[in-house]
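Notes follow the structure.
Number of protein chains: 6
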Amino acid sequence: MRILLANPNTTAAVTDTIAAAARAVAAPGTEIVPATARFGARVIGTRTEMAIAEHAALDLLAREAPGCDAVIIGASVDSALRAAREMLAVPVLALTEAALHAACLTGARFGAVTLSRRAGYTLRELIDGYGFAARCGGIAVVEATPLDLLGAPDRVGEQIAAAAARLVERDMVDSIALIGAVMAGMPARVQPHLPVPVVEGVRTAVLLAESLVRLGLPKPTQGSFAALPARELSGVDPALAARFAAA
Amino acid sequence: MRILLANPNTTAAVTDTIAAAARAVAAPGTEIVPATARFGARVIGTRTEMAIAEHAALDLLAREAPGCDAVIIGASVDSALRAAREMLAVPVLALTEAALHAACLTGARFGAVTLSRRAGYTLRELIDGYGFAARCGGIAVVEATPLDLLGAPDRVGEQIAAAAARLVERDMVDSIALIGAVMAGMPARVQPHLPVPVVEGVRTAVLLAESLVRLGLPKPTQGSFAALPARELSGVDPALAARFAAA
Amino acid sequence: MRILLANPNTTAAVTDTIAAAARAVAAPGTEIVPATARFGARVIGTRTEMAIAEHAALDLLAREAPGCDAVIIGASVDSALRAAREMLAVPVLALTEAALHAACLTGARFGAVTLSRRAGYTLRELIDGYGFAARCGGIAVVEATPLDLLGAPDRVGEQIAAAAARLVERDMVDSIALIGAVMAGMPARVQPHLPVPVVEGVRTAVLLAESLVRLGLPKPTQGSFAALPARELSGVDPALAARFAAA
Amino acid sequence: MRILLANPNTTAAVTDTIAAAARAVAAPGTEIVPATARFGARVIGTRTEMAIAEHAALDLLAREAPGCDAVIIGASVDSALRAAREMLAVPVLALTEAALHAACLTGARFGAVTLSRRAGYTLRELIDGYGFAARCGGIAVVEATPLDLLGAPDRVGEQIAAAAARLVERDMVDSIALIGAVMAGMPARVQPHLPVPVVEGVRTAVLLAESLVRLGLPKPTQGSFAALPARELSGVDPALAARFAAA
Amino acid sequence: MRILLANPNTTAAVTDTIAAAARAVAAPGTEIVPATARFGARVIGTRTEMAIAEHAALDLLAREAPGCDAVIIGASVDSALRAAREMLAVPVLALTEAALHAACLTGARFGAVTLSRRAGYTLRELIDGYGFAARCGGIAVVEATPLDLLGAPDRVGEQIAAAAARLVERDMVDSIALIGAVMAGMPARVQPHLPVPVVEGVRTAVLLAESLVRLGLPKPTQGSFAALPARELSGVDPALAARFAAA
Amino acid sequence: MRILLANPNTTAAVTDTIAAAARAVAAPGTEIVPATARFGARVIGTRTEMAIAEHAALDLLAREAPGCDAVIIGASVDSALRAAREMLAVPVLALTEAALHAACLTGARFGAVTLSRRAGYTLRELIDGYGFAARCGGIAVVEATPLDLLGAPDRVGEQIAAAAARLVERDMVDSIALIGAVMAGMPARVQPHLPVPVVEGVRTAVLLAESLVRLGLPKPTQGSFAALPARELSGVDPALAARFAAA
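Those protein sequence lines, which keep their order, are chains B, P, E, G, V and W. The numbers in our numbering rise by one with no breaks, and the one at position 46 of the first sequence is 46. One gets our numbering by counting positions in the second sequence from 1 and adding 1000 to each. One gets our numbering by counting positions in the third sequence from 1 and adding 2000 to each. One gets our numbering by counting positions in the fourth sequence from 1 and adding 3000 to each. One gets our numbering by counting positions in the fifth sequence from 1 and adding 4000 to each. One gets our numbering by counting positions in the sixth sequence from 1 and adding 5000 to each.
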């Protein structure tokens, strides 16, 4: 099984990090195929970068998804997730959605921890949009950037553990979801210090992708994920435009 | 990996049916360990039987879960699911919860189809209780019993397909969740006639159980699934009472 | 009028306590018939004990309800409430549901106070399940067990009053619901120290039970509380099994 | 015990009707004290009349409530209910709120039936405002006026029974709340034709009023129902203005 | 264009204040026509005064609205807003509703600041009733009366700015709505000290009123704002009663 | 005042249509500046095109917004609305959001009518995302494309009027929002046949844009619309990349 791990950020180092985490959990026969966005933000952190990444993610998937059995969108904002489910015939997962599903399967109410205040605003919208608001006991923001975390994982890890502990204590959550691609290595670091299960998106997305491939569901022909109709798009990569020709 | 497939109904024939479906999707190294409730309803169909099955499920798990790496509660009412997550240290899945997660991963909005009107009332409460109401586009009830389905799968399958098609057409859902242990074999039958993915609980529960085992999360020591404290219970099976002694 | 006060815990001392509170508010012609569960938890405090109590409550009702005009389930987790409404032809009330109704009738938004953190998790689920979330301004947990309260009512009462006062001040609630069978005597103790009405479940359940008996509503023949169909159950008390034979 | 039954409509014949229904269910020692609004609508049926009735209800209560142990606002739009709870020191009930509580105590989901389309719009807002939306399975409007009902109870009763039966069958509700002061006599008429319990507001309001009086709760000194502060109002009845002087 | 600015309070000084604010933002051709309630509260601050103001507002509109192209109800409790939309054929706006719309157009989530705790209780109900709960990140109450504000705008302004800053910092809101007629001059005072847009109701209501007049929408003949039917009301001002004669 | 009317579709003919509608309602001093996307879909109709349009809209705004006092995003999917509010310092409006605000200001509950089933799926998500679900009484889909409407406005107009009438009659809505850029001319056509107000997005967006400009709110420095930080983006138009340099 080949799983495309598509990073809608343009920073290859992040792609490498999440690919390593993905490989660590993947089943023996699963190949992780990393890919990095060709344009847009180094590390998506604003609404404007998120909007550009919607296009960048699809541009990347149109080029790299052929030949893969499943796709994971490797950023915490789940760029273009539902569009990708429409555009492609294979299962598509994304980091935050996957982490939230795992958090719900291991806790009656979960808490979410993310990096940087700006991400906190849109994380709430993402949780609401997935319909998980009733299961979310709280969102905590650690004031550090993804680069801070990569540079000083010990120090930022302590902040994350402290924020998670507060969610457990004060907001009475049963599980913790760490939100962000760079969180891939963090559960191993903070779990020993926390009294509830800690999940993150890369590993859970790989497991869910493998699961959905094994379910073998067909491409819908109706509903909002039905295959694309024939259309003419202009000014986009030919691979992306070709997706509309095939209908 | 050993997965206990615990049927909180007392009908061994249903246990056999779901065990076969579970084995069909399980990974090579996964052993499915079937078990059937020692008391209660033949086929849970009323609120009263549901309440008794809460106890019957735990009675069964206390006796049979030791030595297993994960547990699946094999009835559509997800008997004692959260209690089992508290009582046991291994991952616990259940059919309807699993099916709804799969339906959300394959559709922006899902429709649910269940057998018998009486099950429809409580299915809605189950969906609300899991916080999936915002993702549920509709519930359809097929007026047939589980035994009807086992006896005349062709005819009942047609009714199910028709009900699902109406959910797709009128309520604009993107995926269909079939609810009920006896639905295990139904997707293969109805999927060819439906334009959106069809999922059910047995297969998805097996895949999710395998996934959670591979995640290797610790038993919580806080939160509502924290290990049981020491207590003295009376009048219950010694294996169940012993769960409270171990704290 | 005879009202069965069925305690799904196995501790007869708690039954006595709530029976005394019930008698104190009952109308002249009302007889309170106390009964204690035959198996299960001494004091229900975990999800596992809650699940067992679902069965224990019905076991008790099937044996003791005949001859009674109404039933009150005397535990804060409202064990098997909806199942009992299905199984029996007489009105069935429960402590937390009753307290919440009273709190809504005396406040635009209520606050709920319960004992022990573990109860706080499931109380929220109970409130959500009844659809009262929009009316609930906050839940406060007092870190004391029911036995602590019975042993040191003054000290625990002070904690309860303090928690309630914070709900009034910070969360701007208009009324307070005390949750828990052992809270039966607590309003008299804390009300003088609190600026809003304080209600608990035993007294309100008696009043609501008397009210529903006087309304004289028929047993439904449709809906999710319709009389039980004929079924064969195994391994349960004959009185409980007989409930399914009568259909 | 004296219960003021305050009709915010100006039609004394409606007051007589509901007073008779109230007396039929009141406890032996309970005296029903009927009163009719001094100004406003004959039968409140529009938003404009509802707004005027907010004042008319308080005008009536300020004059007639002294000496009473509880108050019932006798119109389906529950005119000034929360204001009355603030203004008075005794329990205040209202017809629709009471009916909805009874419907929730007898059904997991209720259906509501009201007269005239115009009332349907605001009934939905009332149900939402009380936080009962999650328990409401449907609202049905019978196209008849209150006067039609009083003039031809048989014919309108048949329409009501038919609408209620549809709610049971199609929307799967467990109980029916009849909304409207003139519905007081309707349950006796339609209950024999319906498979689920049918409740209305007058009787349930009397029972709840008696219950709350027996609970003996104090007047709040904080919260949104705290006693009125001293204020000077102009152009209103002296009895109403005097309510603000007493603070 | 003539816009009636109808103050349902009886204090003409407040009318003058909001009329000045309204004129400051009105388009060149717009005439602001101020009017003050003939009876009721000086400054509405309790539920009881709110109920009376429902009538007072309509009494005022029935007399003063003829000849105007739009109406603004000039109090924070939006007295009789929906009734006025039914009663009149011209657009009707109100302060809090207008402020909330503006807050939503300038922020993903807004915070609301109001004066006096008592107003906080009903503000939440107003926000819920408009369906804006999901957009509201928090409500802050400044413990000062409207008269305090008029008497010491500097000091109260500082309290308001501090409360708003906490909403931005702790509750992560994107915009601030100041609630209350006397807030009309406050944005100019606090905006320089706050990092997000600050809106209030008078100015936004004027702009929305002008916008709706320019849209030129017809009076509905169906729905809950359809023109009043013919009715006979008693004991109300002839101008108000005449509204029902015209149907 | 200059208002940029930015069409994220690539079809200039649609830009011309909505520009004409915008000019028809704009105030005398308002200049409408039309602009058309440089890449992407001719007429956005799928999730994939929506995702690409997020980028296309920002690309267009970064180039064309300088010198304008406000911006309107001229497509029914409100492409990149919140990102644009972050990226720009002037007010940003969008068609569907504007139409929904107008529908709420003219109806207690609104119905929405859109073209083509595929748009119906995402319209519901848009309404939910704005928090307007509680105000939405129903969504109706007319099975016609935007091009069908432009080619046969009479015939499609009849379908739209019929769908709207059903929403008024069956779902009891008070106002109708027509969703879609090509709906700009439709209210004039269908309003005469409908009993409730009909609004669409182009005109209301112009009016709201003018209103917000007149309010003169500052660019936030905190919250999720705070000005962009300094970042380096690659592979995007220099004008868009420059937006991040200016911080």
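Here a beta-carbon is modelled for each residue, glycine too, at the ideal position from N, C-alpha and C. Keep in mind that this is a model prediction, so the values were computed, not measured.
Legend: CB atoms of the region 1142-1176 of chain P lying less than 8 Å from CB atoms of chain G are not found in any residue. By the C-beta criterion, the region 1101-1121 of chain P is judged to be in contact with the region 1187-1206 of chain P, since at least 3 inter-stretch pairs fall below 8 Å. V:E4125 has a beta carbon lying within less than 9 Å of a beta carbon in chain E. The beta-carbon separation of E:V2043 and E:V2090, rounded to 27 Å, does not stay under the 8 Å limit for a contact.
Counting along the chain, E:R2002 sits inside the beta strand (DSSP E) bounded by residues R2002 to N2007. From the beta-carbon of P:T1030, no residue of chain B is found nearer than 8 Å; the closest lies around 12 Å away. Of all residues in the region 2176-2210 of chain E, only Q2191, P2195, V2196, P2197, V2198, V2199, R2203, T2204, L2207, L2208 and E2210 come within less than 8 Å of chain G when Cβ atoms are compared, listed by chain position.
Under the 8 Å Cβ criterion, the region 5069-5087 of chain W does not count as touching the region 176-193 of chain B, having fewer than three qualifying pairs.
At least 9 Å separates the beta-carbon of E:E2097 from that of E:D2069.
Using a CB distance cut-off of 9 Å, P:D1016 does not count as an interface residue toward chain G.
Counting other Cβ atoms within 10 Å of its Cβ, V:T4114 reaches 16 or more and is therefore classed as buried.
Taking a contact as a CB-CB distance under 8 Å, the pair B:V173 and B:G138 counts as one, their CB atoms being some 6 Å apart. Counting C-beta pairs closer than 8 Å gives fewer than three between the region 4001-4008 of chain V and the region 3216-3232 of chain G, which falls short of the contact rule.
The region 1051-1060 of chain P and the region 2048-2067 of chain E touch, with no fewer than 3 CB-CB distances between them shorter than 8 Å. The beta strand (DSSP E) runs lying completely inside the region 5175-5231 of chain W and spanning 3 residues or more are 5175-5179 and 5198-5200, given in chain order. Near chain V, meaning a CB-to-CB distance below 9 Å, the residues of the region 2082-2109 of chain E are A2108 and R2109. Pairing E:A2230 with E:G2216, the inter-Cα distance amounts to about 26 Å. Per the coordinates, the alpha-carbon of E:L2126 lies some 46 Å from the alpha-carbon of W:G5074. Within the model, the alpha-carbon separation for V:T4030 versus V:A4021 is close to 13 Å.
In the three-state reduction of the DSSP assignment, G:P3066 falls in the coil class, being assigned neither a helical nor a strand state. Exclusion of the five residues before and after G:L3233 leaves L3240, A3241 and F3244 as the residues of its chain whose Cβ lies within less than 8 Å of its Cβ. Beta bridge pairing from DSSP links W:L5093 with W:I5072. In this structure, DSSP gives B:T114 an extended state, which the three-state scheme calls strand. Ranked by how close their Cα comes to the Cα of W:A5065, the residues W:G5131, W:A5041, W:A5177 and W:I5032 have W:I5032 in first place.
Taken through DSSP and simplified to helix, strand or coil, P:L1233 comes out as strand. At a cut-off of 9 Å, the C-beta of G:A3022 has no neighbouring C-beta in chain P.
Neighbours of P:G1120 across chain G, judged by C-beta separation under 9 Å: M3172. Within the same chain, Cβ atoms closer than 6 Å to the Cβ of B:D237 are found at D59, the five residues on either side in sequence being excluded. Taking a contact as a CB-CB distance under 8 Å, the pair P:A1177 and P:A1112 counts as one, their CB atoms being some 5 Å apart. Taking each of B:R23, B:R2 and B:A27 in turn and checking the Cα distance to P:L1207, the smallest one comes out for B:A27. By the CB criterion at 9 Å, P:L1095 and P:I1179 fall inside the cutoff. Sequence-distant Cβ neighbours of P:G1067 in its own chain, meaning closer than 8 Å and more than five residues away, are R1002. Our two residues, P:G1235 and E:T2145, have alpha carbons roughly 23 Å apart in a direct line. Residue environment: B:G151 is assigned as exposed (fewer than 16 neighbouring CB atoms within 10 Å of its CB, all protein chains considered). Contact annotation: in the region 5045-5073 of chain W, residues whose CB is within less than 8 Å of a CB in chain B are G5045, T5046, R5047, T5048, E5049, M5050, A5051, I5052, E5054, H5055, A5056, A5057 and L5058.
If you check the CB distance, B:R117 and B:V141 come in under 9 Å.
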